[in-house]
Amino acid sequence: MPTSTQPKVKAKTKTSRKKTTRKVKKNLVIVESPSKAKTIEKYLGSRYKVMASLGHIRDLPKSKMGIDVENDYEPHYISIRGKGDVIKELRKEAKKAAHVYLAADPDREGEAIAWHLSFLLGLDPQAKNRVVFNEITKDAVKNAFKNPRAINMDLVDAQQARRILDRLVGYSISPLLWSKVKKGLSAGRVQSIALNLIIQREDEIKKFVPEEYWNIDAEFKKERSKFAAAFYGLKGKKSALPNNDVVQKVLQKLDKDQSFNVAKVEKKERKRFPALPFTTSTMQQTANNSLKFRTQKTMMVAQQLYEGINIGRGGAVGLITYMRTDSTRISTVAKHEAAGFITDNYGSEYAATKPRAGKLSENAQDAHEAIRPSSVLRTPESIEKYLTKDQMKLYSLIWSRFVASQMTPAIVDTVRADLEQNDVLFRANGSKMKFPGFTKVYAESKRKDNVLPELNEGDQVKLSKTDPSQHFTLPPARYSEATLIKTLEENGVGRPSTYAPTLNTIQKRYYVKLAARKFTPTELGEIVNSMISECFPDILDVNFTAGLEDELDGIEDGKQKWVEVIDQFYQPFAKEVESAEQKLEKVKIKDEPAGFNCDVCGAPMLVKMGRYGKFYACSRFPDCRNTKAIVKKIGVVCPKCGQGEVVERKSKKNRVFYGCSRYPECDFISWDQPVGRACPKCQHFLVYKKSKKGDQVKCPNGDYEEAIQK
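Residue 1 is where the sequence shown starts when you use full-length UniProt numbering, and the numbers rise one by one after that.
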């Protein structure tokens, strides 16, 4: 059987061919900080690369003025030293990116950073590459990238004008202070006013003459109930008690065997409204008062909360909205979320149908919302384990303040009763919480009830005892960081971003010092203030500086030209500088004899004024460079070595502690002041302790304590 033969088919040989995959270009996003970059990169996904500029990358030079006053005040910007590698890397990534987005913070300074970046990277400032968001959450960030805009040159000009004004003032007055007083000093628009306010307050305190006055507190009894009242006046009118003679005349009128008549009872229902959500200054003030946070610390922790915290499975998320704002406005979305949260957790009667809206101050820019949690559902308790101690404290404060602002007012029943006998009138005040409202959340607002017994007009009550007490009027309090910020804001001086650096500068220059959390001026601060007030009255004029701030706001709104604003200020200011150079005489800060000799060369030691305060130095300087810190002796022998004396020192954070004068030979240290006696139980050294119960002497090593008799 014949076999059919099929033609041979040539087998195809496989050729190895490389697949060419087209690399998709990524979008480049530039922010200021690495933590912010890390947070938003997670939201944007793989098509975006997020890098940090590490703050400003271009600024005026430090070595000279950098302003061409003859050519429309043109600034001479240079790349900031040390930022070369950052700029190089940003340029490299920008060249290969599909699109570059500038996502610096949503304020004047952030706009200026974006503008400087666009210049260095060769971007078109008119292109829509500027992205702003008020909170770093997934929805907010993604929505912002759907609506990029061009760089707002009005905002840039406003920031540039502020920077140039501050440079003109600082680099004109500071050299004057160097030549007339000493090197290392500085002056500025806002810092000079802050220093002047502190010195004015100190002058008020020195001139203050206390006046005597008296109170008469009393205890009354109705049946078995006792209650307190205080002297109000005579014959139905309020009367003062200026001295003990008047007090004795009042007491002589009282008959202990005779009852007091309840002449009048007034009952009212009073509403207590919640505070508005935080602005930058109110947050700084409340954190200073409630948490004992310094202003700089408050802003540092707030920045961390804004830029993003890793909260476990959800990853990093911005916990609060932008922390530099002077607005109390709240978005509709945030209001609705808060109303739902309050209704679910406290009841519908606690959710305000129309939350209290604050009146915007004349100087407020209202660029974005108040400081609030990015989501009210992230309660402090639910994320506590992810936060540091300080972050938790500040977040709890911001969260509770915001939630309370969206709640109903507290309702308090008040009672006022006038008690009368022989034309002598005592007044008792009572209050009782009827409905807690917002105080359910905002602990700082809670108060104790003061319940009076049931009193009606015509009732008779007995006087149990009287307690007259002498007092003297007090001088005005020195400024704390909180009250100084409040005063600057009320006067329209400075803006949210300026308060923290201003307070930091006047302390760093040793113009003021903090003692018991209150500002006191130094001798150096008084000298500098005296020179500025003599030659530059406009700089210290609160109204003038506030008006200048309004003009900067006008530049931001596009109503004024920045060159014109600066020129109106600089022309008369330059003449004042020229006049001051001729008028001011050199101030010689005299060295004082220290009263002992140098332990290196034997020459007399002197007390000198340095940049950070007074110190001991050898009179043979520069041949002998021996110096010593000035310490305060407390009259106690060191309990460890028995040879040195215990002296008061200060830590790097300005906290007082006690150590041995023989340090480093003896390393004794104590945060509490040693008394100079040993504990009768364990022989450990005793210390002074302050507490709410009163000052005590305690043993740090055991339970021994004794009260201090005043």
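Where a beta carbon is used, it is the ideal one built from N, C-alpha and C, also for glycine.
- According to the DSSP secondary-structure assignment, Ala515 is paired through a beta bridge with Lys518.
- Cα atoms of Gln406 and Ile342: separation of roughly 8 angstroms, rounded to the nearest angstrom.
- The shortest C-alpha to C-alpha distance from Val50 to any of Val415, Leu155, His99 and Pro277 is the one to His99.
- Gln460 is bridged by DSSP to Asn261.
- For Phe402, the enclosing alpha helix (DSSP H) starts and ends at Lys389 to Ser405.
- Put simply, the backbone Cα of Gly170 is about 33 angstroms away from that of Val656.
- Of the candidates Arg189, Asn261, Leu251 and Glu211, Asn261 places its Cα closest to the Cα of Lys221.
- A Cβ-Cβ separation of about 6 angstroms places Leu177 in contact with Ala187 under the 8 angstroms criterion.
- Per DSSP, Ser225 is one residue of the beta strand (DSSP E) stretching across Ser225 to Leu234.
- For Phe668, there is no enclosing beta strand (DSSP E), as DSSP marks it with neither H nor E.
- Going by DSSP, Thr414 is part of the beta strand (DSSP E) stretching over Ala410 to Gln421.
- Where Cys535 is concerned, there is no enclosing beta strand (DSSP E), although the alpha helix (DSSP H) around it starts and stops at Glu523 to Cys535.
- Taking all protein chains in view, the Cβ of His368 is crowded by 16 or more other Cβ atoms within 10 Å, so the residue is classified as buried.
- Your pair Val587 and Lys180 checks out as a contact, with CB atoms roughly 6 angstroms apart and the cut at 8 angstroms.
- Considering only Ile57, Arg625 and Ile173, the residue with the shortest C-alpha distance to Cys598 is Arg625.
- By the CB criterion at 8 angstroms, Cys699 and Cys666 fall outside the cutoff.
- About 5 angstroms separates the beta carbons of Ala500 and Met299, which is inside the 8 angstroms limit, making them a contact pair.
- Excluding the 5 residues flanking it on each side, Lys226 has same chain C-beta neighbours closer than 8 angstroms at Glu219, Phe220 and Ser464, in chain order.
- Contact fails between the stretch 428-438 and the stretch 233-242, because fewer than three Cβ pairs, one in each stretch, are under 8 angstroms apart.
- Ranked by Cα distance from Ala482, the first of Ile199, Ser259 and Thr280 is Thr280.
- Under the DSSP definition of a beta bridge, Asn450 partners with Ser431.
- Boundaries of the beta strand (DSSP E) harbouring Met51: Tyr48 to Ala52, taken from the DSSP string.
- Counting along the chain, the unbroken alpha helix (DSSP H) around Leu177 starts and ends at Met153 to Lys180.
- The criterion of a C-beta distance shorter than 8 angstroms is not satisfied by Val565 and Ala52.
- Closest in C-alpha terms to Asp166, from the list Gly55, Asn288 and Tyr73, comes Tyr73.
- Under the three-state reduction of DSSP, Pro210 is assigned to coil, being neither helix nor strand.
- Close CB contacts of Ile589 within its chain, under the 6 angstroms cut and outside five residues either way in sequence, are with Met609 (chain order).
- Apart from the 5 residues on each side of it in sequence, Ile311 sits with its Cβ closer than 7 angstroms to the Cβ of Val317, Ile383 and Tyr386 in its chain, given in chain order.
- Proximity to Asn504 across Leu452, Tyr688 and Phe519 peaks at Phe519, based on C-alpha coordinates.
- The criterion of a C-beta distance shorter than 8 angstroms is not satisfied by Asn152 and Thr321.
- Cα atoms of Ala127 and Arg149: separation of roughly 7 angstroms, rounded to the nearest angstrom.
- Ile506 and Leu155 have their C-alpha atoms some 28 angstroms from each other.
- In this structure, DSSP gives Lys486 a helical state, which the three-state scheme calls helix.
- From the listed residues Glu457, Lys690, Asp695 and Leu686, the smallest Cα separation to Asn701 is found for Leu686.
- DSSP places Ala707 in the strand class (E or B) of the three-state scheme.
- Taking 8 angstroms as the cut-off, the Cβ atoms of Arg201 and Pro476 count as close.
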